[in-house]
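Residue numbers (my numbering), protein chains in the order written: chain A, 890 to 1190; chain B, 890 to 1190; chain C, 890 to 1190; chain D, 890 to 1190. What follows is a single structure, written as structure tokens, with notes after it.
Number of protein chains: 4
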Amino acid sequence: MSFRRLLRKCQIRNQLLRECLAECLGVYVLILFGCGSVAQVTTTQEKKGQYLSINLGFALGVTFGVFVSRGVSVSQLLCVLGRHPWKKLPFYIFFQVLGAFLAAATVALQYYVHGYKCFCMYDVTLADAIQAFSGGELTVTGPTATAGIFSTFPADYLSVWGGVVDQVIGTAALLLGVLAIGDQKNSSIPDGLQPVLVGALVLVIGTSMGSNSGYAINPARDIGPRLFTYIAGWGVEVFRAGSWWWWVPIVAPCVGALLGTLIYELMIEAHHPASPSELQTSCVEATEGKPGLELEGVKSD
Amino acid sequence: MSFRRLLRKCQIRNQLLRECLAECLGVYVLILFGCGSVAQVTTTQEKKGQYLSINLGFALGVTFGVFVSRGVSVSQLLCVLGRHPWKKLPFYIFFQVLGAFLAAATVALQYYVHGYKCFCMYDVTLADAIQAFSGGELTVTGPTATAGIFSTFPADYLSVWGGVVDQVIGTAALLLGVLAIGDQKNSSIPDGLQPVLVGALVLVIGTSMGSNSGYAINPARDIGPRLFTYIAGWGVEVFRAGSWWWWVPIVAPCVGALLGTLIYELMIEAHHPASPSELQTSCVEATEGKPGLELEGVKSD
Amino acid sequence: MSFRRLLRKCQIRNQLLRECLAECLGVYVLILFGCGSVAQVTTTQEKKGQYLSINLGFALGVTFGVFVSRGVSVSQLLCVLGRHPWKKLPFYIFFQVLGAFLAAATVALQYYVHGYKCFCMYDVTLADAIQAFSGGELTVTGPTATAGIFSTFPADYLSVWGGVVDQVIGTAALLLGVLAIGDQKNSSIPDGLQPVLVGALVLVIGTSMGSNSGYAINPARDIGPRLFTYIAGWGVEVFRAGSWWWWVPIVAPCVGALLGTLIYELMIEAHHPASPSELQTSCVEATEGKPGLELEGVKSD
Amino acid sequence: MSFRRLLRKCQIRNQLLRECLAECLGVYVLILFGCGSVAQVTTTQEKKGQYLSINLGFALGVTFGVFVSRGVSVSQLLCVLGRHPWKKLPFYIFFQVLGAFLAAATVALQYYVHGYKCFCMYDVTLADAIQAFSGGELTVTGPTATAGIFSTFPADYLSVWGGVVDQVIGTAALLLGVLAIGDQKNSSIPDGLQPVLVGALVLVIGTSMGSNSGYAINPARDIGPRLFTYIAGWGVEVFRAGSWWWWVPIVAPCVGALLGTLIYELMIEAHHPASPSELQTSCVEATEGKPGLELEGVKSD
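Printed below as a string of structure tokens:
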């Protein structure tokens, strides 16, 4: 009991801080499994996994990320869209990027340790799959490039505007699906299975829209690990590559999320016949935070 | 609230138009994920996905297509079979083909942009995976053929009648499974999970009947994207290829759907013992539209 | 309504015949998807699917086979074990083998048509993937062997007794899992999802015990298609191959099913504390047929 | 009825022995499917399965292991953490290792039989996939190494401390996910589907953390089969390989499980607002054994 009583002592009663910790851990799990899968496939040269393993890694990463902090993978999009009060936004963003950064650091701890030498007194040799694969050189492009383990880069044939289109379509498709899954008048999916279906949605986006620019479809997923690689030895090239590609997975998903929401609202949700009680409660809902997965829609204040 | 009130203004109260919008968006999602997966596997030459990714793409495409517009992937078959009033049929067909056409256009926007040059004032260069793969030539057959990304074509060894048999069997298997999933006396599957199982059914049809002629098993899935390729630069060859193959995925699925329904009705459903209440309501049901997934069977008026 | 009234006329009230039709259709669906997947992978030389597709084909084949005729994939094992009255057994076996035979004929219709020439007046050319792959010769062994599409054959290194051990272990594992899934005191799985889990069980048996002799783990699955290949042109070699292998997938699964049941009963189910009401009803249950999936156990009369 | 009455006679009323039998059978199923998949992929040289099949084998092995003995795959971790009374621990460990040992022996019976010759009077020849693959030599390292079928070994580039880090992170991720799935305030997953999600968790750990040292993430999973290979002909090399690697998958998972639990408790569970009734019952719960999957958390006495 002493351990449990100790835990009680640590209890944080501030709602915002609790949410931020959950967001941080949720994104951490997503990136740990997602980028970990890319690291495994890349460093074993497809001997222990292929592109489908990467798709599964991000899909189940999202599923368990949501299970760890119900709503995180969604809220990181929805908060941009105004579903949460705007003043909470900087906190969410900070903790999400922090979670992604820490997860990238954990993946590097498993697959690459030269970056950690600075923290150590003496020259430890741990695992070094990345070093073994790349021959000691940390590159962003070329046949032994390893920066793509952590953040996304466009294919050679892709222009920046092509990448913007690609990311906008990908995130719009994500939002379309997420809103359909959460639309109680349409789907009636058991609440506990919604994260599994969101994972399946990310899986199919990965099999159908992954080859152009790596389906970031989420700002925190991309910038957190990119910051890590910048610090850990890949250098400024991680920002410069692909004609300064780095801003695309931050800006385009926001546009895409708005677009997908608009399409779903205009084509499906706006036409649900409203029940009388709903007309009343919808006003209340818009000003209050609701518990649960909060997939029901996006309201601007 | 202003956004939500604006949405209310857009509310369409006409039931048929609402259904048509839903059908359109459902087929759109199906084709976006399905054909997108083929595009990814084709243009990366199986580096980012293999045939199983395509199977998953269409399977989850169907799942989320149904989630977006509950019943669409089924009704697009059932309406042909007389489940819906005949006068609604032309509207459904038009909006389904429109959804498939628009989705093909979206996939092309992600993977191929030369087709969009005509709409632009100046010569933009966006993504162009298809151009990079095919070396600039849009062909329907041969090693760098790209028309197969959008619509189905028969294998070299397949005669037209062989293709008809293949499509009839495939669609009959689909209907067998769909009717079994929706048969409340047999399966008792939670309502919210039926789209997932319909997706799994399309997956297994893809792994077992995909190599002869690409399992269209659905008229709108095939003709919509085929029309797009005809316009976007592949030309009349998309209709001429495979001894004028194009009509097979339109006609054969209708025959197959009838056959599969007949088999299930005659071998399983006809023999369910009828409860007294059911004998009464079945008359009523036949003349009314029912809400929900409407997988329970097919009634001719 | 006329169609539905016509169906009513066809209603079969004989319980045994109804069950037999369901068994027949259930095994038909299993073999159609399972052997179809082998045909696709074999004739495309792994271009459109790999071994995992075959595993998925049989797994989802079992799932939808059970959905089509709830309990079929299980009862075809349980009837051997005395769960059903012994006098029903020959009927079940006949209709299961018939279903498997017809499904093999359907797969051949999709992938191979020379076998159908005898039924036709003139020389039709339909699909002929098998002919295109094998160069016109129907062989049971060698690099272009095609008999393995329909029935199982042992690997070169496997002796007959090794195959018996392999099939006994595989079927025992199947029964262990099936009894665990259906054990209401242990699992509490929603009834509608049990077929999905039985499918997952067949999937994992396929990934872990498929390479020695092709996991028939079911008599009807193997002998029905083997009879078809015997008639359709592969000849007596389908029985002679592998030192007269054909009897192993018939006899060994029966032994394995008994063994698996015994292990589960002795290690888990025998030790469930019995509730008073259960002690009474268990006597009644043993003499009556129960509706539903009937996975609860195996009783000898 | 005689068989069932006989079973009743065998009923074990001792709770601990019943649990031990269940643990044994649960781990048996896990290793039978997991190591069986490795054996299949290794001996067929990836012709009948790839790395993803191995991931699926262990994932579904865990799922059905839990279904067979609800809670086993979890309790084998939790008992180390003090969730179960400490005096039960040696019994659990013994029966878990026994189950893993017996499963390894079963896999060897399917894929390798020279080790069984000693038990036989005369020189039987059964299956011998391992012999056929390795050319008769049982090696622990090198291109035809077969010891890796049964227990884990580190990659060439991995130091012992690197392996410790890898296993600690992997098991921490497992516990994070397992606690999230079982946290009733967070997830509300239907009880019968928790084993499926634990399986999915093991799948994603396999795709993202499997290449460094084979994700044992569980002491019994590794030492049982290792003991078998030691006896069955691979010799002391199975302990010596990788700089005496064998102790890492025993010690590191215990550390990792503690770490993962701590992270989840501190970041998520400690901050759940407690209901008044819960404050009372939590004291009771800590001293009593609870039925069910027991995923709710870890309490130190």
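Positions of the beta carbon are idealized from the N, C-alpha and C atoms, including for glycine.
DSSP places residue 944 of chain C in the uninterrupted alpha helix (DSSP H) bounded by 940-957.
Within its own chain, the residues whose Cβ lies closer than 7 Å to the Cβ of residue 1057 of chain D, once the five positions on either side in sequence are excluded, are 1141, 1144, 1145, 1148, listed in chain order. Contact of residue 1099 of chain A with chain B by beta-carbon distance below 8 Å involves 929, 937, 938. Runs of the beta strand (DSSP E) spanning 3 or more residues and lying entirely within the stretch 1040-1073 of chain C do not occur at all. At least one C-beta of chain B is nearer than 8 Å to the C-beta of residue 941 of chain A. The CB of residue 899 of chain B comes closer than 9 Å to the CB of 1154, 1155, 1159, 1160 in chain A, given here in chain order. At a cut-off of 8 Å, the C-beta of residue 999 of chain D has a neighbouring C-beta in chain C. For the alpha helix (DSSP H) assignment, the uninterrupted runs of no fewer than 4 residues enclosed by the stretch 902-933 of chain B are, from N- to C-terminal side, 904-932. Residue 1081 of chain A is outside the set of residues whose beta carbon lies under 8 Å from a beta carbon in chain B. Around the beta carbon of residue 944 of chain C, a 10 Å sphere encloses 16 or more other beta carbons of the protein chains shown; the residue is thus reported as buried. Within the same chain, and ignoring the five residues on either side of residue 1100 of chain C in sequence, the residues whose Cβ sits closer than 8 Å to its Cβ are 1044. Closest in C-alpha terms to residue 1088 of chain C, from the list C:984, C:1063, C:1054, comes C:1063.
In the DSSP assignment, residue 1133 of chain B falls within the alpha helix (DSSP H) that extends over 1126-1133. With respect to the 8 Å criterion, residue 936 of chain A and residue 940 of chain D are classified as neighbours on the basis of their beta carbons. At least one C-beta of chain C is nearer than 8 Å to the C-beta of residue 918 of chain D. Put simply, the backbone Cα of residue 914 of chain B is about 8 Å away from that of residue 1156 of chain A. When Cβ-Cβ separations below 8 Å define contact, residue 911 of chain D makes contact with chain C. DSSP places residue 1140 of chain D within a helical segment (H, G or I) once states are collapsed to three. Restricting attention to A:979, A:1018, A:1035, A:1107, the CA atom closest to the CA of residue 1053 of chain A is found in A:1107. Burial is judged here by how many other beta carbons sit within 10 angstroms of a residue's own beta carbon; residue 1125 of chain B has fewer than 16 and is exposed.
Here residue 1094 of chain A is not near residue 1081 of chain B, since their CB atoms are 8 Å or more apart.
With contacts defined as CB atoms closer than 8 Å, residue 998 of chain B and residue 917 of chain B fail to qualify as a contacting pair.
If you draw a straight line from the Cα of residue 995 of chain D to the Cα of residue 1159 of chain C, it is about 24 Å long.
The beta carbon of residue 1116 of chain A sits closer than 7 Å to the beta carbons of 990 from its chain, once the five residues preceding and following it are set aside; these are given in chain order. Put simply, the backbone Cα of residue 896 of chain D is about 11 Å away from that of residue 1161 of chain C. Apart from sequence neighbours up to five positions away, the residues of its chain that approach residue 952 of chain B with a beta-carbon distance below 6 Å are 1084, 1085, 1088, ordered along the chain. Taking 8 Å as the cut-off between beta carbons, the residues of the stretch 1016-1028 of chain C near chain B are 1016, 1017, 1018, 1020, 1021, in sequence order.
Rounded to whole angstroms, the Cβ separation of residue 1114 of chain A and residue 1040 of chain A is 5 Å, and the two are in contact under 8 Å. At least one CB atom of chain C sits nearer than 8 Å to the CB of residue 907 of chain D.
Scanning B:1050, B:1033, B:1000 for the CA closest to the CA of residue 1051 of chain A turns up B:1000.
Residue 904 of chain A sits exposed, since fewer than 16 C-beta atoms from the chains shown fall within 10 Å of its C-beta. The C-beta distance from residue 1061 of chain D to residue 1152 of chain D rounds to 7 Å, short enough to fall under 8 Å. Within 7 Å of the CB of residue 1090 of chain A, no CB atom of chain D is found; the nearest one sits about 15 Å away. No Cβ-Cβ contact shorter than 8 Å links residue 1035 of chain A with residue 1047 of chain A. Closest in alpha carbon position to residue 933 of chain B, among A:1102, A:1110, A:923, A:1018, is A:1102.
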